[in-house]
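Same order as they appear, the protein sequences are chains A and B. So for the first sequence, numbering that gives the first Met the number 0 puts the first residue at 0; every next one is plus one. So for the second sequence, numbering that gives the first Met the number 0 puts the first residue at 0; every next one is plus one. Virtual Cβ for every residue (Gly too), placed ideally from N, Cα, C.
Protein chains: 2
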Amino acid sequence: MNIHNVAARAGVSAATVSRAFNFPDKVAPATRELVERATRELGYQPNASARTLRTQRSRVLGVVLPTLLNPVFAECLQGIAQAAAASGYAIVPVMTRYEEAQEQQAVAQLLAANVDGMILVVSSPSDSQALQRLRGTGLPYVLAYNAHPDHPCVSVDGEAAAAEAVARLVALGHRRIAMVSGTLAASDRAQQRYRGYLRGMAAAGLDAPPVLEVPFVTSAVEALSRHLRARARPTALFCSNDLLAIRSMRAAHLTGLTVPQDLSIIGFDGIAIGQDLTPALSTIAQPNHDMGRHAVELLVQSIVRGTPSGAGDSLCLPYQFHDGESCGAVNGPAA
Amino acid sequence: MNIHNVAARAGVSAATVSRAFNFPDKVAPATRELVERATRELGYQPNASARTLRTQRSRVLGVVLPTLLNPVFAECLQGIAQAAAASGYAIVPVMTRYEEAQEQQAVAQLLAANVDGMILVVSSPSDSQALQRLRGTGLPYVLAYNAHPDHPCVSVDGEAAAAEAVARLVALGHRRIAMVSGTLAASDRAQQRYRGYLRGMAAAGLDAPPVLEVPFVTSAVEALSRHLRARARPTALFCSNDLLAIRSMRAAHLTGLTVPQDLSIIGFDGIAIGQDLTPALSTIAQPNHDMGRHAVELLVQSIVRGTPSGAGDSLCLPYQFHDGESCGAVNGPAA
DNA sequence: CTGTTAGCGCCTTCAT
DNA sequence: ATGAAGGCGCTAACAG
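And the structure:
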């Protein structure tokens, strides 16, 4: 079922059918009607590949992200998908499992697929081969969650947010506040939040114990429990993301500690499920859905404009402290 | 950068370059070497659209699913993506929000995009316009989670699983066991599980109270709490999915009930996060990742075979009862 | 083993 | 306002 079939049935040329689709007002109303009828009767749908080949525009956006097993990215992808659909774009997601090699391959694959632009969440924008290469092509792209002065980014100020989280714990009387993070090397977000943590601790005149670095993918509840059994255990935990925070709550329970009476916990991300837990998770909530939406909007703008976005177009969205039930005043003089 | 550039640089014809890519052994080793070098030097990547147009194969799979906000689908999509990548396929996911109209549109869009096949999770296979239409095209497709005798499906026996869940509650001494479900009309899974619940109750000689139907998308904790305050409240809840189970735990807490002492709760799906909660969620775990993988494998088979899978190729994967901490023996004679 | 040729379905000048 | 013609980049006969 191609354009010629429709043309024949409508008694016009293929060129006219094409015009009727792409520039409806450049064709006489009567003719348009003919074409529409034929289209309907034959159930014709223009072939996307042919169109892409001819126009060099695919109306597809590539999306590169670490994993969907962390709801933060699933929520964001949902936002991306919705915004993309609203703008007439399909998406092709590729998951990289936080591996730089996968990022490279993903970019290569998406380039070959003729995507019109890409949204990516990479491990480390500073030293990403994939990004270098992508920028070299001149294809529009936008980073999400990542923050870097050389690239167009949609992000939140994770450092400030982390410092604020620490300040809130301090205000509750905590002095032994530890940070739990995923593999720092695998994520610039984690590093940013770590800097914020250090800044917050310094601002309060507190010593920051070494960060508790646990693998991203596995559950790591065991490792956490071990730390909570230490003699001078922390009275509060600032966790680099909500998944870690949830596991920390589990670890606390397994260690016989009650949250927040014995241990306060703050997460980061604002995944939806955090609000349905008991205790409800206190967290720095990012606008994950909107993050995706804004990334798409920025990207689509630069696609239609024909020039890639610059770092100047970067967007810093507001974060929001969600006051749940996982933080409390420090437990008497025990601190 | 196209095939002719490479051909020129390698001093061969375009056809030879094409062969070097697609049938490496149909070209002399020396020539192949030449082509590979030129390819590398120019950073050439074959154009996917041109290839698709010419071969009528896109190496893209369409995926239609309700939402990524329920981790069960995110986990499945992750499995799909991984398996697809392993077979050399990209994926284009489209979310339908449990709306039949969206399903139709998704299928139309994916058809126009020339996908080689589709994996779908629909609301109701029996009366899905989208499925009718899809089948009419002869394009290979596989349903996931859905179960229906007329379509190739990868699913688990939700009815048996639900009956087993009820039996376990009964064995713990429960007699007032209520079911919490999402909108029944929006999901054949929910209906299947409901039938299993009824069967399980009947088998135990128990009366089944009316199902607690709550909207899928919103949190619905309020509505649940109300039910738990009733004078003859249930001592156990069988929830149609884990998200509902988690919200039910929350509702129990807000009502002053302790799980599992005052109320036992069983979920359905086996989303990863359920195991990190306290109490750890007892649930009927589906192999979500493998579900996606099997769906891809079935689909790819029928693509290479050239004939759509029939209902006979359907796969029923085993479910597994995850014994968490959210179920306990009924609380004395209060039942 | 390699080159020549033709065309996948569409859009887009250029004429009319 | 419409039609004719060419080509986007690639692959699959068919020759040689």
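Val114/B versus Leu60/B - alpha carbon distance: If you number the second sequence from 1, residue 114/B lands on position 115. If you number the second sequence from 1, residue 60/B lands on position 61. Spanning the two alpha carbons is a distance of roughly 5 Å.
My assumption, with CB atoms under 8 Å, is that Ile90/B sits in contact with Val91/A. Please give the rounded CB distance. Residue mapping note: residue 90/B aligns to position 91 of the second sequence, counting from 1. Residue mapping note: residue 91/A aligns to position 92 of the first sequence, counting from 1. At roughly 7 Å, the Cβ-Cβ gap stays under 8 Å, so Ile90/B and Val91/A are in contact.
Can you list, in chain order, the residues of its chain with a C-beta nearer than 6 Å to that of Gly291/A? Leave out the 5 residues immediately preceding and following it. The sequence position of residue 291/A within the first sequence is 292, counting from 1. Cys75, Gly78, Ile79.
Which residues in chain B have a C-beta closer than 8 Å to the C-beta of Asn46/A? List them in chain order. In the first sequence, residue 46/A corresponds to position 47, counting from 1. In chain order: Leu52, Ala111, Asn113.
Please confirm if His252/B has its CB atom under 9 Å from at least one CB of chain A. Residue numbering aside, residue 252/B sits at position 253 when the second sequence is read from its first letter. It does: the Cβ of His252/B has a partner Cβ on chain A nearer than 9 Å.
Show which residues of chain B have a CB atom less than 9 Å away from the CB atom of Val91/A. Position 92 of the first sequence, counting from 1, holds the residue named residue 91/A. Result: Val59, Ala89, Ile90, Val91, Pro92.
Cutting at 7 Å between CB atoms, please list the residues of its own chain near Asn26/B, excluding the five before and the five after it. Here residue 26/B corresponds to residue number 27 of the second sequence, with the count starting at 1. A small correction: the amino acid at residue 26/B is Val; Asn does not occupy that position in the sequence shown. Cβ neighbours of Val26/B beyond the five flanking positions: Thr15, Arg18, Ala19.
Taking 6 Å as the limit between beta carbons, can you name the residues of its chain near Glu163/B, skipping five residues before and five after? For the purposes of this step, residue 163/B is identified with residue 164 of the second sequence, where counting begins at 1. For Glu163/B, where only same-chain residues beyond five positions count, there are no Cβ hits under 6 Å.
Taking 8 Å as the cut-off, is the CB of Met248/A close to at least one heavy atom of the ligand SAM? Within the structure as shown, the ligand SAM is missing, as the structure has no ligands at all.
Kindly list the residues whose CB is nearer than 7 Å to the CB of Ala344/A, restricted to its own chain and excluding five residues on each side of it in sequence; keep chain order. Beyond the ends of chain A as shown, which are 0 and 334, falls residue 344/A; an answer cannot be given.
Contact check, Ser263/A vs Val165/A, beta carbons under 9 Å: Walking along the first sequence from the start, residue 263/A turns up at place 264. Walking along the first sequence from the start, residue 165/A turns up at place 166. It is not a contact, given that the beta carbons lie outside the stated cut-off.
So, does the CB of Leu242/B fall closer than 9 Å to a CB anywhere in chain A? Here residue 242/B corresponds to residue number 243 of the second sequence, with the count starting at 1. Put simply, the CB of Leu242/B is near chain A, with a gap under 9 Å to one of its CB atoms.
What residues from chain A crowd round Ile245/B, counting only those whose CB sits closer than 8 Å? Residue mapping note: residue 245/B aligns to position 246 of the second sequence, counting from 1. In chain order: Ile272, Asp275, Leu276.
Quick one: does Pro70/B have its CB under 9 Å from some CB of chain A? On the second sequence, position 71 is the one that residue 70/B refers to. Closer than 9 Å: yes.
Sufficient close CB pairs (3 or more, under 8 Å) joining the segment 238 to 256 of chain B to the segment 267 to 283 of chain B: yes
In three-state terms, what does DSSP make of Ala89/B? Taking the second sequence and counting its residues from 1, the one referred to as residue 89/B is at position 90. Of the three classes helix, strand and coil, the one that applies to Ala89/B here is strand, per DSSP.
Taking all protein chains shown into account, decide if Ala229/B is buried (16 or more other Cβ within 10 angstroms of its Cβ) or exposed. Residue 229/B sits at position 230 when you count from the first residue of the second sequence. Exposed is the call here.
C-alpha distance - Pro70/A paired with Ala284/A, whole-angstrom precision: Here residue 70/A refers to the residue found at position 71 of the first sequence. Here residue 284/A refers to the residue found at position 285 of the first sequence. Going by the C-alpha atoms only, they are around 13 Å apart.
Where Met352/B meets chain A, residues with beta-carbon distance less than 9 Å: It is not possible to answer for residue 352/B, since the shown part of chain B is limited to 0 through 334.
Of all the CB atoms in chain A, is at least one closer than 9 Å to the CB of Glu35/B? The residue you call residue 35/B lines up with position 36 of the second sequence. With 9 Å as the cut-off, Glu35/B does not count as an interface residue toward chain A.
Closest by C-alpha distance to His173/B, when choosing among Gln260/B, Arg53/B, Leu130/B: Position 174 of the second sequence, counted from the first residue, corresponds to residue 173/B. His173/B has its Cα closest to that of Gln260/B, out of Gln260/B, Arg53/B, Leu130/B.
On the three-state DSSP scale, how would you describe Gly291/A? Working through the first sequence from its first residue, we reach residue 291/A at position 292. Note: Gly291/A maps to helix in three-state DSSP.
What's the gap between the Cα of Asp156/B and the Cα of Leu314/B? Against the second sequence, residue 156/B aligns to sequence position 157. Against the second sequence, residue 314/B aligns to sequence position 315. Their Cα atoms are separated by approximately 10 Å.
Strictly below 8 Å CB to CB, what residues from chain B border Gln108/A? Reading the first sequence from its first residue, position 109 is the one you call residue 108/A. Residues of chain B passing the Cβ test: Ala89.
Alpha carbons only, please: which of Gln191/B, His293/B, Leu33/B, Thr282/B is nearest the one belonging to Pro151/B? As a position in the second sequence, residue 151/B is number 152, starting the count at 1. Taking only the C-alpha atoms, the option nearest Pro151/B is His293/B.
Would you say the segment 294 to 314 of chain B touches the segment 273 to 280 of chain B, given that touching needs at least three Cβ pairs under 8 Å? With a cut-off of 8 Å on Cβ pairs, the segment 294 to 314 of chain B is not in contact with the segment 273 to 280 of chain B, counting fewer than three such pairs.
With a threshold of 7 Å on Cβ separation, who are the neighbours of Ser12/B within its own chain once the five nearest residues in sequence on each side are excluded? Numbered from its first residue, the second sequence carries residue 12/B at position 13. If we look at Ser12/B and ignore the five residues flanking it on each side, its Cβ neighbours are Ala6.
Check the Cβ-Cβ distances between Ala80/B and every residue of chain A, and say whether any is below 9 Å. Position 81 of the second sequence, counting from 1, holds the residue named residue 80/B. At least one chain A Cβ lies under 9 Å of Ala80/B.
Cβ closer than 8 Å: which chain A residues qualify as neighbours of Glu74/B? Here residue 74/B corresponds to residue number 75 of the second sequence, with the count starting at 1. Those are Leu67, Leu68, listed as they occur along chain A.
Could you confirm whether any beta carbon from chain B is found closer than 9 Å to the beta carbon of Ala84/A? Here residue 84/A refers to the residue found at position 85 of the first sequence. For Ala84/A, the answer is yes, since a Cβ of chain B falls inside 9 Å of its Cβ.
Does the distance from the C-beta atom of Val179/A to that of Gly199/A stay below 9 Å? Reading the first sequence from its first residue, position 180 is the one you call residue 179/A. Reading the first sequence from its first residue, position 200 is the one you call residue 199/A. No, the Cβ-Cβ distance between Val179/A and Gly199/A is not below 9 Å.
I want to know whether the segment 309 to 324 of chain B touches the segment 109 to 127 of chain B - three or more CB-CB distances under 8 Å. No, because fewer than three Cβ pairs between the segment 309 to 324 of chain B and the segment 109 to 127 of chain B fall closer than 8 Å, the two stretches do not touch.
Hey, could you find the ends of the beta strand (DSSP E) Thr282/B is sitting in? Residue 282/B sits at position 283 when you count from the first residue of the second sequence. Start and end: 281 to 284.
Chain B within 9 Å of Val153/A, Cβ atoms only: In the first sequence, counting from the first residue as 1, residue 153/A sits at position 154. Val153/A does not count as touching chain B.
Within-9 Å CB hit, Ala184/A to chain B: To locate residue 184/A, count along the first sequence from 1; it is residue 185. Closer than 9 Å: no.
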